[in-house]
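Below: one structure, written as structure tokens.
Number of protein chains: 2
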Amino acid sequence: MNKLVLATDLGGTNLRVAAVDRDGKILYRTKYETPKSERADEIFRVITQAARKCQEAVEKNGKIIAVGAAVPATVNAADGIILKAPNLPALDGVRFSAAISGELNLPVILENDANSAAIGEHWRGASNGFDNSICVTLGTGVGGGIILSGEILRGVDGTAGEIGHICVEPFGAPCGCGSRGCVEQYSSATAIVRIVQELKNQYPQSLLFEKLFKKTHCTSLDVYEAGKAGDELALEAFRQMGFYLGIALADLVNVLNPEVIVIGGGAAAGWDLFIHHVRNQIYSHAFREPAERAKLLRAKLGDDAGILGAARLAFNLSLIG
Amino acid sequence: MNKLVLATDLGGTNLRVAAVDRDGKILYRTKYETPKSERADEIFRVITQAARKCQEAVEKNGKIIAVGAAVPATVNAADGIILKAPNLPALDGVRFSAAISGELNLPVILENDANSAAIGEHWRGASNGFDNSICVTLGTGVGGGIILSGEILRGVDGTAGEIGHICVEPFGAPCGCGSRGCVEQYSSATAIVRIVQELKNQYPQSLLFEKLFKKTHCTSLDVYEAGKAGDELALEAFRQMGFYLGIALADLVNVLNPEVIVIGGGAAAGWDLFIHHVRNQIYSHAFREPAERAKLLRAKLGDDAGILGAARLAFNLSLIG
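Protein chains in written order, with my numbering: chain A, 694 to 1014; chain B, 694 to 1014.
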């Protein structure tokens, strides 16, 4: 019988669960709102509910053999424990794998969401075939996952890969992490909007001007669209965003000498407006040989990267278990 | 019979060769000036001469089974080829291992000098027992070697570990590598002297003042001694040096989550004047958990780190070959 896994991607807003086959094909998927609860068991209840729904939907396609879970947290993957989940503090310190495994009677593997996305892109996405790769996700924040010799880099406590908190301005903008000048403050989707807000008075002709002053919601996609239309404020925002992202990636090129850097997340939509700035900074700041080696590729899997990474880990788990 | 290896550490100024036993004990050592030749075979001649001298000296102690060579260059370790040696351009592109192996009739393993130092400290020095460690050498430049899961990180082309060229000031001082704002420009022994030169006019009472204005040679050790005596210019130089080193190491703490960071090289002599600044910046810039995890340790092996790392690699080679 065909072997399948369940993969869940728990975000601050949505919980997505899917049934995935060995080729990375998503056979069924469902999406729930992440409960705004202070109780972990309420979150577990929604996860198991979604998982059972998937299980029923693919009953005739094969047998579910394991569960992979991507969570927005640092994790102890070996013991299945969530260490710290900044946006879902109810989960701090919980034995996630044991709880879900107890409900579903399946082995469960836990992973950080950015690491899962890197594993997903490596399995079925842009970095497939490249065993030394870096995956950067430009969303609300800047997430990162590093694959070396085909394995995700976890570090001693599972906290490795925090690319978004490389310091690119020692006296720069304060960051939610407690530091300042993190690349997340310059190159996330959030940062692009902040940059146009900060610079708007210098660009009274900007297409974004009305939107920014009327304080209607302005997104990084609005900035991208203005930039495509030649708006100078928008182009300057993407220049700054690419400049700083390039500095952080140049550091990684010098330190890790990777084959591939995959860039995804909402702000990657602005690719054609920022990628040449990123490339210029990598060439300016990194050594020539590793700079020439590191291919810059756009992520392929979109929102499914985390799900597919979790699925991959679940299949790996079933090989061991 | 007791198995021994020869280990060579080729620097821009000196070539050091030693015979080393399986416990990392140096049984004999010799030092030559590095030939200022434009011909690689002249350098090879001095290396083999030094190697034969060591071989004869330990003839009665055991049998030499392999050679490990640390070189100031990026290398293709698998093929024994020097890729680029910025301070010894005669060696660019040469088949180092084949040449030395042909002369000495022994297997030869080649490694970058900073990587060798990291391996040496891991085998017999400060990071012994820690399989995830970073080794930083503060000399003329800032060198680096990274050990993950007990293995040196080489990257795809053998250029990984260039910690000295992490950017800590995006619009900062120009660096010899072609970039600007590299930590090497702020935290090397050379940089400490440059910082006091730049700041001297603000500190007319400095103990270093006469030395700096008479332009007699001022070294980082002079700055350290002035700092120990309470000199404010010297203390400010070490504050800046520690501040920027801390930012670069905080990046590595966030990205790699290591157990140990070993700091060596000439400027590490100023340890008690800069290490609290380094620690403060790591705590300010990195996430709490990996910041608390990363022990800062002073290198133990001094100038022998490279030799012992090369020796370790030679013993490993003999296990495989």
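Each residue gets a CB set at the ideal place from its N, CA and C atoms; glycine is no exception.
These numbers were taken from a predicted model, which means no experiment stands behind them.
Asked	Found
CB contact flag (ALA766 of chain B, ALA778 of chain B, <8 angstroms)	yes
Where GLY851 of chain B falls: helix, strand or coil (DSSP)	coil
ARG788 of chain B to LYS729 of chain B span [Cα, whole Å]	19 angstroms
Chain-ordered neighbours of PRO782 of chain A on chain B, where CB pairs are closer than 9 angstroms	Near PRO782 of chain A there are no residues of chain B at all, since even the closest Cβ is about 15 angstroms away, more than 9 angstroms.
Environment of SER790 of chain B [buried if 16+ CB atoms lie within 10 Å]	buried
Environment of SER872 of chain A [buried if 16+ CB atoms lie within 10 Å]	buried
Euclidean distance between Cα positions of LEU803 of chain B and ASP824 of chain B	22 angstroms
Cα-Cα separation between ILE757 of chain A and ASN798 of chain A, rounded to whole angstroms	11 angstroms
Proximity winner among B:LEU1010, B:ILE812, B:GLU726 and B:GLY755, relative to ASN695 of chain B (alpha-carbon distances)	B:GLY755
Chain A within 8 angstroms of ILE807 of chain B, Cβ atoms only	The sequence given here has Ala at residue 807 of chain B, not Ile. So, not an interface residue.
Check whether GLY959 of chain A and SER913 of chain A have beta carbons under 8 angstroms apart	yes
Inter-residue spacing [alpha-carbon to alpha-carbon] between ILE840 of chain A and ALA750 of chain B	46 angstroms
Beta carbon proximity, ASN1009 of chain B to chain A, threshold 8 angstroms	no
Own chain, CB closer than 8 angstroms to GLY963 of chain B, minus 5 neighbours either side, in chain order	ILE885, SER913, VAL916, TYR917, GLY920, PHE931 and MET934
Cross-strand partners of THR912 of chain B (DSSP beta bridge)	Looking at the DSSP assignment, THR912 of chain B forms no beta bridge with any residue, so it has no partner.
Within-8 angstroms CB hit, PHE980 of chain B to chain A	yes
Residue-chain proximity (ILE845 of chain A, chain B), Cβ-Cβ < 8 angstroms	no
Chain B within 8 angstroms of GLY1014 of chain A, Cβ atoms only	With a pLDDT of 48 at GLY1014 of chain A, under the threshold of 50, the modelled position of this residue cannot be trusted, and the question is left open.
CB contact below 8 angstroms: VAL849 of chain A versus chain B	yes
Length at least 3, wholly inside the stretch 907-974 of chain B: the beta strand (DSSP E) runs in chain order	953-957
CB contact flag (LEU703 of chain A, ALA743 of chain A, <8 angstroms)	no
Residue closest to SER820 of chain A, alpha-carbon to alpha-carbon, out of A:VAL835, A:HIS858, A:GLY843 and A:ALA783	A:GLY843
Within-8 angstroms CB hit, PRO863 of chain B to chain A	yes
Residue environment, ASP924 of chain B, which counts as buried when at least 16 other CB atoms sit within 10 Å	buried
Beta strand (DSSP E) segment containing ASP726 of chain A, residue limits	Looking at the sequence shown, residue 726 of chain A is not Asp but Glu. Element bounds for GLU726 of chain A: 719-726.
In DSSP terms, what GLY838 of chain B is bridged to	B:CYS828
Three-state secondary structure (DSSP) of PRO983 of chain A	helix
Cβ shell of ALA927 of chain B (< 6 angstroms), same chain only, five flanking positions each side left out	VAL916, ALA919 and GLY920
DSSP bridge partner residues for GLU877 of chain B (one or two, in chain order)	DSSP lists no partner for GLU877 of chain B.
Burial state of ARG981 of chain B, where buried means 16 or more other Cβ atoms lie within 10 Å	exposed
Assigned exposure category for THR852 of chain B - 16 Cβ within 10 Å defines buried	buried
Among A:ARG847, A:GLY795 and A:PRO782, nearest to LEU809 of chain A - alpha-carbon criterion	In the sequence under discussion, the amino acid at residue 809 of chain A is Ser, which differs from the Leu named in the question. The option with the nearest alpha carbon to SER809 of chain A is A:ARG847.
Residue of A:VAL849, A:PHE864 and A:CYS868 minimising C-alpha distance to HIS858 of chain A	A:CYS868
Beta bridge counterpart(s) of CYS860 of chain B as assigned by DSSP	B:CYS875
Within chain D, the residues that GLY854 of chain B reaches when beta carbons sit closer than 9 angstroms	Of the protein chains in this structure, namely A and B, none is chain D.
Extent of the continuous alpha helix (DSSP H) to which LEU781 of chain A belongs	Here LEU781 of chain A belongs to no alpha helix (DSSP H), and DSSP marks it neither H nor E.
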